[in-house]
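K.L.:
Mapping of the sequence shown onto UniProt numbering: residues 1 to 158, in sequence order.
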Amino acid sequence: MTAQQPPGHRSGAFRARRLADLAQVQAQMGALAADAGLHADERFALRLALEEAFVNVYKHGYGGGEGPLTVELDVGAGQVTLTLEDQAPPFDPATVAQPVLDAAWDQRPVGGLGWHLIRQLMDRVEHRRGPAGGNLLILTKTLGAPGTGHPSEIGALR
1 MTAQQPPGHR SGAFRARRLA DLAQVQAQMG ALAADAGLHA DERFALRLAL
51 EEAFVNVYKH GYGGGEGPLT VELDVGAGQV TLTLEDQAPP FDPATVAQPV
101 LDAAWDQRPV GGLGWHLIRQ LMDRVEHRRG PAGGNLLILT KTLGAPGTGH
151 PSEIGALR
């Protein structure tokens, strides 16, 4: 946090190299979000969106291996922005098909709900090529809006 930030504004950057870094990044991001005064449901939505995107980067982007990932959180002006930048091969989440949600639980394939959850939890999902290659994922959520992302509000969990 810098002195130039307006009151109530918080931001921070967290670095990871492997999937095992997820818990530490979540803890740091959670502390920053709590310090910024985000409601518990808003923090839950951010945590779950981060987890899904983070796991996808390491599982699919880096093929289960290591690689750089920068996670930035910016809270202020009635919204929160979560940005993930990696150096993995280009991947556009807009190409991921929506899962079939009307099948019985025992008929659904394991996995495949990550991008659906992210889209449900966040108000805007943007993907671009990163400035140094790789992927830049920008997730934005309006704060204080109806439907903060509580588990009971997520369509995939019905």
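Cβ coordinates follow ideal geometry from the N, Cα and C atoms, glycine included.
Quick check on this structure: which residue in 37, 121 and 118 has the alpha carbon closest to the alpha carbon of residue 77?
P.N.:
Counting from 1 along the sequence shown, the entry for residue 77 is found at position 77. Answer by Cα proximity: 37.
K.L.:
What alpha helix (DSSP H) runs, 4 residues minimum, are completely inside the segment 55-120?
P.N.:
As far as the segment 55-120 is concerned, it has no whole alpha helix (DSSP H) run of at least 4 residues.
K.L.:
Buried or exposed for residue 42, going by 16 or more other Cβ atoms inside 10 Å?
P.N.:
Within the sequence shown, the letter at position 42 stands for residue 42. Per the 10 Å Cβ criterion, buried.
K.L.:
Exposed or buried, what is residue 66 when buried is set at 16 or more other beta-carbons lying within 10 Å of its beta-carbon?
P.N.:
Walking along the sequence shown from the start, residue 66 turns up at place 66. Exposed, because fewer than 16 other Cβ atoms sit within 10 Å of the Cβ of residue 66.
K.L.:
Could you tell me which of 125, 72, 87 and 16 sits nearest to residue 94, measuring between CA atoms?
P.N.:
Along the sequence shown, one-based indexing puts residue 94 at 94. Among 125, 72, 87 and 16, the Cα nearest to that of residue 94 is on 125.
K.L.:
Let's see if you can read the secondary structure: which residues bound the beta strand (DSSP E) around residue 12?
P.N.:
Residue mapping note: residue 12 aligns to position 12 of the sequence shown, counting from 1. First-last of the beta strand (DSSP E) with residue 12: 10-16.
K.L.:
Using only the alpha-carbon positions, how far apart do residue 11 and residue 73 sit?
P.N.:
For the purposes of this step, residue 11 is taken as the residue at position 11 of the sequence shown. For the purposes of this step, residue 73 is taken as the residue at position 73 of the sequence shown. Approximately 5 Å between the Cα atoms of the pair.
K.L.:
Which whole-angstrom value describes the C-beta separation of residue 55 and residue 32, a residue pair presumed to lie in contact below a C-beta threshold of 8 Å?
P.N.:
Working through the sequence shown from its first residue, we reach residue 55 at position 55. Working through the sequence shown from its first residue, we reach residue 32 at position 32. Not really, about 20 Å apart at Cβ, beyond 8 Å.
K.L.:
Taking the alpha carbon of residue 142 as the reference point, which residue from 58, 79, 50 and 121 has its own alpha carbon closest?
P.N.:
What you label residue 142 is simply residue 142 of the sequence shown in a count that begins at 1. Closest by alpha carbon: 79.
K.L.:
Hey, could you find the ends of the beta strand (DSSP E) residue 32 is sitting in?
P.N.:
If you number the sequence shown from 1, residue 32 lands on position 32. Segment 22-35 is the alpha helix (DSSP H) holding residue 32; no beta strand (DSSP E) there.
K.L.:
Pop quiz: residue 17 and residue 68 are said to be a contact at Cβ under 8 Å. What is the actual Cβ separation, rounded to whole angstroms?
P.N.:
Position 17 of the sequence shown, counting from 1, holds the residue named residue 17. Position 68 of the sequence shown, counting from 1, holds the residue named residue 68. Going by Cβ atoms, the distance from residue 17 to residue 68 rounds to 6 Å, so yes, they are a contact pair.
K.L.:
Going along the chain, which residues of its own chain have a beta-carbon closer than 7 Å to the beta-carbon of residue 138, five neighbours each way excluded?
P.N.:
Here residue 138 refers to the residue found at position 138 when the sequence shown is read from its first residue. For residue 138, where only same-chain residues beyond five positions count, the Cβ hits under 7 Å are 81, 83 and 126.
K.L.:
For residue 127, list the residues DSSP reports as bridge partners.
P.N.:
Counted from its first residue, the sequence shown places residue 127 at position 127. DSSP lists 137 as partners of residue 127.
K.L.:
Whole angstroms is fine: what's the gap from residue 59's alpha carbon to residue 87's?
P.N.:
As a position in the sequence shown, residue 59 is number 59, starting the count at 1. As a position in the sequence shown, residue 87 is number 87, starting the count at 1. Roughly 13 Å separates the two Cα atoms.
K.L.:
Once you ignore the five residues that flank residue 123 on each side, which residues in its own chain have a CB closer than 7 Å to its CB?
P.N.:
Your numbering for residue 123 matches position 123 in the sequence shown. Counting only Cβ-Cβ distances below 7 Å, and skipping sequence neighbours, we find 140, 141 and 142.
K.L.:
Got a sec? Which residues, its chain only, sit under 6 Å from residue 9 by beta carbon, not counting five neighbours each side?
P.N.:
On the sequence shown, residue 9 is found 9 positions in, with the first residue counted as 1. Same-chain partners within the cutoff: 76.
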